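Right, one structure below, let's go through it.
Number of protein chains: 2
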Amino acid sequence: MGIIVQKFGGSSVADVEKIKNVARRVVATKLAGHSVVVVVSALGDTTDELVALARQISLTPPEREMDMLLATGEQISVALLAMAIHAMGHEAISFTGYQIGILTDDSHTKARIVDVRPERIMCELERGCIVVVAGFQGVTVNNDITTLGRGGSDTTAVAIAAALGAEKCEIYTDVEGVFTADPRIVPEALLVPEITYEEMLEMAATGAKVLQLRSVEYGRNHGVVIHVKSSFKDGAGTVVKEEDEGMERPIISGVTRDSSEGKITIFGVPDRPGIAAKVFRPLAAANINMDMIVQNVSTEGLTDISFTLSLDDLPTAESVIKDIVEELGAKGYNTDTNIAKVSIIGAGMKSHPGVAAEMFDVLARNGINIQMISTSPIKIACVIEAGQVETAVRELHDHFQLNEEAITSETL
Amino acid sequence: MGIIVQKFGGSSVADVEKIKNVARRVVATKLAGHSVVVVVSALGDTTDELVALARQISLTPPEREMDMLLATGEQISVALLAMAIHAMGHEAISFTGYQIGILTDDSHTKARIVDVRPERIMCELERGCIVVVAGFQGVTVNNDITTLGRGGSDTTAVAIAAALGAEKCEIYTDVEGVFTADPRIVPEALLVPEITYEEMLEMAATGAKVLQLRSVEYGRNHGVVIHVKSSFKDGAGTVVKEEDEGMERPIISGVTRDSSEGKITIFGVPDRPGIAAKVFRPLAAANINMDMIVQNVSTEGLTDISFTLSLDDLPTAESVIKDIVEELGAKGYNTDTNIAKVSIIGAGMKSHPGVAAEMFDVLARNGINIQMISTSPIKIACVIEAGQVETAVRELHDHFQLNEEAITSETL
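Top to bottom, those sequences are chains F and P. Going by my numbering, the letters in the first sequence line up with residues 1 to 412, in that order. Going by my numbering, the letters in the second sequence line up with residues 1001 to 1412, in that order.
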């Protein structure tokens, strides 16, 4: 039988008992005849505690040093898990990101994997060892330690699965899989058994926390089948894979929300060619990812430009924007942190026009004003006031009947 | 001006305020015109906490995994110290043992440094950076993380000082330097301003905790002047260096004690050539260091062999000894953990016979029975009952008048 990569998040290894549970699960997979590579995150709240420690020393620590600090969290996890497997009488060996050649670029705190050199892992698997790998971290060509950003352990797991040609990549998490909406907001939300990479990408990009966006991209680009399962309950979970003919294709697969973004608007920008580039190039240079961007129709040669971005990046972005406003001769800017984004996602949307209009109608009927709109062939996202987002999710979930048997292209 | 290596122990970086204090001290050295390399240990009790965590999972964790776990302690320290220096407006960069090429053998948990490749440090020093290095850790040629044993950060500092050709190596610790005896037992003990490598080696080997033995060996072999100072108080400290003509040479430099050892005795061993090798080769193979070894005069072709060793190694040694007893046809063995070692050390002893007799006399007068004796040209060590060791230290310190102006070869 082939290689299975299993990834366990921080809540799955939060204490000694949970680490032993993970060890039992891993050993069971091994005893079933598979070669096993386990990827783990830092124990429970370790990463948050390390960040808090750093903040006591500096509010703006160098990002290289932040990565040096945070990478210790996963190193602790892998050593302890290898010990736990060993205590059960099985061979296990742990590795940091650099030891198994997770090469990244040098964008500290959100590095991208550029290569994986799996020779050492292959060698240990051939010896019959269970290999335990630190998620979330890599190393640059200069031997500097990098981290992949929150949720980066998912990407580590998928990248290793790709490099090893693994049979599958199982992501164990504290939820049972991908749901039609967050069950904390919509208790009647249903588990989605299968979903395409594209839908999963849109879900991750619009607030679903189940998988890190980059891990899904990596899986799509390298054809890695990702299986999301619960660490704590048995269950079918959700399989993320290529769209195929036999796959059930609901119009709408899910409703997501995201309250982690803020909005910046620049007013009275002289409307000349190249103006957008002048605004966004310095932001990109500061390694800030914009999400939605809207430019108003020009009035008297002036226009307004709005965009959303992670609240974490807001302070940096604001300092960049101040200079830009002056340089462009714009009238001013403001920031708004009281926003949220609600989105509906579905591969079947491509062949069913009119879904957007329905969504806008549902929001209007509930007195919810739409501030920005962004669409893709399989997604419609609206920025609304933060306080209204749970109502929006519930009403949309209800309107598109996601709590009932999936509405497919055939049944509609 | 040249390069200064400064090493700070765990108690010097026990919390955020102390880390900031270390940063201030390091920056002051930099501002005085030196190139500075700082070596730090893990924060306060971090190492003990990690060991306790591992013990909850396994009482016999693989040593490779133990090293993987423990190495995180220093990695946290270096990242935080680099941040603290940066927050003061100075460039700083942190490195793990592997990043700056501290190559060791593969004796996990007590590895020996075999090479240091200081290219990356030199490069950063030339850029004007303060370089912060994780003590206690290294890497094998296979890229596996190793640790150097308790106190190993001292050795890291001395090894880096040697590799860089540093002007000096300052070891900052929670005591003010080397004393004629442990001031907690002998309050009138005096600070020793200068001491030879040989004396310091004997002191470290007989229980003085100020410097790790291997760091002194490394310093002697590479001619690195080691300056022991207090992290918390200003003071002259103790300089450890080559014996030179102008150096004051007291008969006795200090009295030490060591309660960290146990004793194993094998009874009724057939007294044949090669018997000692048969006993000690398997122990050496198990990476156990014996301290004192005594073989009794043979009676009726049978002899007894006793040796002392670290209490930590006792369980492993016992399992080895069981097989040896059977193999040799010896009568049996016993272990004794209720022992301690008291030693007097002094370079001047070489030219003054009779010191040993005086020591035995002092112990006898105080009703202290001597179980084992070991001597070197500059040391006499006696194994006694554990409960009598503090009395022994006080009486010897008093008898050799170590609380008065140093007794030198000239004044005696």
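Glycine included, every Cβ here is placed at the ideal spot set by N, Cα and C. Quantities reported herein were computed from a predicted structural model and do not represent experimental measurements.
For residue i, does the three-state DSSP call read helix, strand or coil?
i	result
L412(F)	Unreliable positioning characterises L412(F) in this predicted model, as indicated by a pLDDT of 37, which lies under 50. The coordinate reading is nonetheless provided below. In this structure, L412(F) counts as coil in the three-state DSSP scheme.
K331(F)	coil
V1131(P)	strand
P273(F)	coil
I1288(P)	coil
K341(F)	strand
V1116(P)	strand
T316(F)	helix
Y1098(P)	coil
A1406(P)	Low local confidence applies: a pLDDT of 48 at A1406(P) is under 50, so the model's placement there is unreliable, and no value is given.
T1060(P)	coil
S107(F)	coil
F400(F)	coil
T1029(P)	helix
M1203(P)	helix
G268(F)	strand
E326(F)	helix
V1210(P)	coil
Can you tell me the Cβ-Cβ gap for residue i and residue j, rounded? I've got them flagged as a contact below 8 Å.
i	j	result
I264(F)	I339(F)	So it is not a contact: roughly 11 Å between Cβ atoms.
D67(F)	H108(F)	5 Å
I1373(P)	E1202(P)	Contact doesn't hold; Cβ gap of about 15 Å is too wide.
K229(F)	G235(F)	7 Å
S1041(P)	E1074(P)	6 Å
Let me make sure I understand the geometry here. Which of the options has the alpha-carbon closest to that of residue i?
i	options	result
M433(F)	I57(F), A277(F) and G262(F)	Residue coverage of chain F in this structure runs from 1 to 412, which leaves residue 433(F) outside it and unanswerable.
V1005(P)	L1043(P), E1074(P), F1136(P) and A1159(P)	A1159(P)
L396(F)	T46(F), S343(F) and S376(F)	S343(F)
I1019(P)	K7(F), A330(F), P273(F) and A54(F)	A54(F)
L1031(P)	N1287(P), G1002(P) and D1174(P)	G1002(P)
G354(F)	I252(F), S215(F), V279(F) and E170(F)	I252(F)
D323(F)	A357(F), P282(F) and D312(F)	P282(F)
T1256(P)	R1184(P), A1166(P) and E1194(P)	R1184(P)
V383(F)	E358(F), T337(F) and A347(F)	T337(F)
D313(F)	Y333(F), A284(F), E167(F) and L328(F)	A284(F)
Alpha carbon to alpha carbon, what distance is there between residue j and residue i?
i	j	result
M1122(P)	R1365(P)	58 Å
I378(F)	S260(F)	22 Å
A14(F)	A1161(P)	41 Å
V1141(P)	L1103(P)	7 Å
V389(F)	A1092(P)	45 Å
V1393(P)	A1079(P)	42 Å
T1047(P)	V294(F)	53 Å
L993(P)	E1188(P)	In the structure as shown, chain P begins at 1001 and stops at 1412. Residue 993(P) is therefore absent and cannot be evaluated.
S351(F)	E243(F)	15 Å
V1114(P)	A1071(P)	18 Å
F1095(P)	V1131(P)	8 Å
S1298(P)	Q1401(P)	40 Å
D1106(P)	E318(F)	51 Å
I1085(P)	V1027(P)	7 Å
M1349(P)	L1211(P)	22 Å
T1303(P)	A1205(P)	28 Å
D1166(P)	M1200(P)	First, the residue type needs correcting, since residue 1166(P) is Ala and not Asp in the sequence shown. Those two C-alpha atoms are separated by around 21 Å.
I407(F)	G254(F)	Model confidence at I407(F) stands at a pLDDT of 45, short of 50, so the residue's coordinates are unreliable; what they give is reported in the following sentence. Their Cα atoms are separated by approximately 12 Å.
Please confirm if residue i has its CB atom under 7 Å from at least one CB of chain P.
i	result
H90(F)	no
N369(F)	no
V16(F)	yes
P62(F)	yes
T72(F)	yes
M122(F)	no
M202(F)	Contrary to the premise, residue 202(F) reads as Glu rather than Met in this sequence. No, its Cβ sits nowhere closer than 7 Å to a Cβ of chain P.
E385(F)	no
E126(F)	no
Any beta carbon from chain F within less than 7 Å of residue i's own beta carbon?
i	result
Q1099(P)	yes
I1407(P)	Confidence at I1407(P) is low in this model, with a pLDDT of 46, below 50, so its placement is unreliable and the value that follows should be read with caution. No - not a single Cβ of chain F is within 7 Å of the one on I1407(P).
S1259(P)	no
E1049(P)	no
S1094(P)	yes
S1298(P)	no
Q1075(P)	yes
N1143(P)	yes
Run the proximity test for residue i: is its beta-carbon closer than 6 Å to any non-hydrogen atom belonging to the ligand GTP?
i	result
G138(F)	The ligand content of the structure shown is nil, which means the ligand GTP is not present either.
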